[in-house]
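The numbering of the sequence shown is my numbering, which starts it at 321 and goes up by one. Before any comments, here is the structure.
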Amino acid sequence: MTNLMQTASRYAASARGRNRPASVNNLAIMNLVDWVAVTLGARQAPAAQKVQRVVAGWGMQGVAPMLLGGTSAPIGAALVNGTMAHCLDFDDLHFPSLAHLSAPTWAAVLALGAQHHAEESLMLDAFLAGFEVSARLGANGVGKAVTDRGWHSTGVHGRISAAIASGVILGLNEQQMAHAIAVAATQTSGLTTSFGTMAKPFHAGKAAADGVLAAELAAAEFEGATQILDDERSLLSALVQDQSVQMSLATLGEDWEIERNALKPYACCGLTHAPIDCGRAIYAQLHGAAVTEVEVTTHELAGKVA
Numbered sequence: 321m322t323n324l325m326q327t328a329s330r331y332a333a334s335a336r337g338r339n340r341p342a343s344v345n346n347l348a349i350m351n352l353v354d355w356v357a358v359t360l361g362a363r364q365a366p367a368a369q370k371v372q373r374v375v376a377g378w379g380m381q382g383v384a385p386m387l388l389g390g391t392s393a394p395i396g397a398a399l400v401n402g403t404m405a406h407c408l409d410f411d412d413l414h415f416p417s418l419a420h421l422s423a424p425t426w427a428a429v430l431a432l433g434a435q436h437h438a439e440e441s442l443m444l445d446a447f448l449a450g451f452e453v454s455a456r457l458g459a460n461g462v463g464k465a466v467t468d469r470g471w472h473s474t475g476v477h478g479r480i481s482a483a484i485a486s487g488v489i490l491g492l493n494e495q496q497m498a499h500a501i502a503v504a505a506t507q508t509s510g511l512t513t514s515f516g517t518m519a520k521p522f523h524a525g526k527a528a529a530d531g532v533l534a535a536e537l538a539a540a541e542f543e544g545a546t547q548i549l550d551d552e553r554s555l556l557s558a559l560v561q562d563q564s565v566q567m568s569l570a571t572l573g574e575d576w577e578i579e580r581n582a583l584k585p586y587a588c589c590g591l592t593h594a595p596i597d598c599g600r601a602i603y604a605q606l607h608g609a610a611v612t613e614v615e616v617t618t619h620e621l622a623g624k625v626a
């Protein structure tokens, strides 16, 4: 194993019982509260209902709850609940990576946690391990670079996060964790051209399901390309072929990316929040004056994503 993979797998494999500031735990718990709210809020969403109908038709055995009703194997519940979590697009956003990491990660953690009767503290360890690694891999301009090239950052980094979190639940060792990350990374998918369709929330659900599958395969001694984060044929070199950005885990274990995660104050795309703030501030100064025209100057990425 080389630098990034070794760092990631070692950190993830040692996640159980890791000491963290209480404030970090509280942020993760708040993310879960937010996840539950936006997921249950999407119970009438056609995309969620259709995915649940398909998964229920598979008749998989398992005790992992699907939040639209019934139980399934963890992979099925993760697919349904991960899709639901992103249907409204109101879920939290890690701005440095431009990824919705909680949607697939909590879906994977709760599905496997239910199946394996995991303690709440272990599920918190699992979520934070996946989040902290994948958020860093998507930071330093990586999330923007993959988005600019048509990839959905959630589909890229959410898979890695879900795989690591699932691996913590399953108790994978360092070598197995590396294979779980590798198998998740090779399944990378999700295109921004799907935004505005049912396929966008499906990206989050599929990331959750693929993360669960990657960890379960690794637990069965299935092997992937453990150089996939590091060598000249790495995940990033495939997604960003001009090599204009680099992945880094330099501060892993020293600070917390969860502190840079944002819960949405408005029920819309995060990249539209700044204009909303501006509009509210301007409105307060108008004192009832008529408005005939509004001109908004914003980042070009907002036009692509929103």
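Virtual Cβ for every residue (Gly too), placed ideally from N, Cα, C.
| Check | Outcome |
| --- | --- |
| Leaving out five residues on either side along the sequence, give the residues of the same chain with a beta carbon under 8 Å from the beta carbon of residue 583. | 350, 351, 354, 412 |
| Would you list the residues sitting across from residue 378 in a DSSP beta bridge? | Residue 378 is not bridged to any residue. |
| Out of 329, 526, 414, 600, which has the shortest C-alpha to C-alpha gap to residue 402? | 526 |
| Do the region 477 to 491 and the region 529 to 545 make contact, defined as three or more Cβ pairs closer than 8 Å? | yes |
| Label residue 341 either buried or exposed according to how many other C-beta atoms from any shown protein chain fall within 10 Å of its C-beta, with 16 as the threshold for buried. | exposed |
| So which of 616, 359, 589, 544 has the shortest CA-CA distance to residue 602? | 616 |
| Across which residues does DSSP place residue 283 in a beta bridge pair? | Outside the displayed range of the chain (321 to 626) lies residue 283, so it cannot be described from this structure. |
| If we call anything under 8 Å between Cβ atoms a contact, is residue 529 one with residue 503? | no |
| At the level of alpha carbons, what is the spacing between residue 414 and residue 334? | 24 Å |
| Counting only the same chain and skipping the five closest in sequence on each side, list residues whose C-beta sits under 6 Å from that of residue 512. | 470, 472 |
| State the start and end residues of the unbroken alpha helix (DSSP H) segment that holds residue 607. | It is not in any alpha helix (DSSP H) - residue 607 carries neither H nor E in the DSSP assignment. |
| Could you tell me which uninterrupted alpha helix (DSSP H) segments, each at least 4 residues in length, are contained entirely in the region 373 to 418, listed from first to last along the chain? | 394 to 407 |
| Quick one: is the Cβ of residue 411 within less than 7 Å of any heavy atom of the ligand MG? | Among the components modelled here there is no ligand, and therefore nothing to report on the ligand MG. |
| What first and last residue would you give for the alpha helix (DSSP H) that runs through residue 542? | No alpha helix (DSSP H) contains residue 542, which DSSP labels as neither H nor E. |
| Considering Cα atoms alone, identify which of 610, 416, 453, 397 is closest to residue 434. | 397 |
| Taking the alpha-carbon of residue 364 as reference, which of 459, 405, 609 has the nearest alpha-carbon? | 405 |
| Just grab the DSSP bridge partners of residue 575 for me. | 572 |
| Which class does residue 582 belong to by DSSP, given the choice of helix, strand or coil? | strand |
| Between which two residues does the alpha helix (DSSP H) carrying residue 453 extend? | 440 to 458 |
| Would you report the Cα separation of residue 420 and residue 447, rounded to the nearest angstrom? | 13 Å |
| Measure the C-alpha to C-alpha separation of residue 598 and residue 592 and round it to an integer number of angstroms. | 10 Å |
| What whole-angstrom Cβ distance do residue 523 and residue 475 have, given they're in contact under 8 Å? | 4 Å |
| Are the CB atoms of residue 489 and residue 427 nearer to each other than 8 Å? | no |
| Alpha carbon to alpha carbon, how far is residue 507 from residue 600? | 42 Å |
| Take residue 596 and list the residues in its own chain whose beta-carbon comes closer than 8 Å to its own, dropping the five residues that flank it on each side. | 586, 588 |
| Whose CA, out of 610, 444, 361, lies closest to the CA of residue 409? | 361 |
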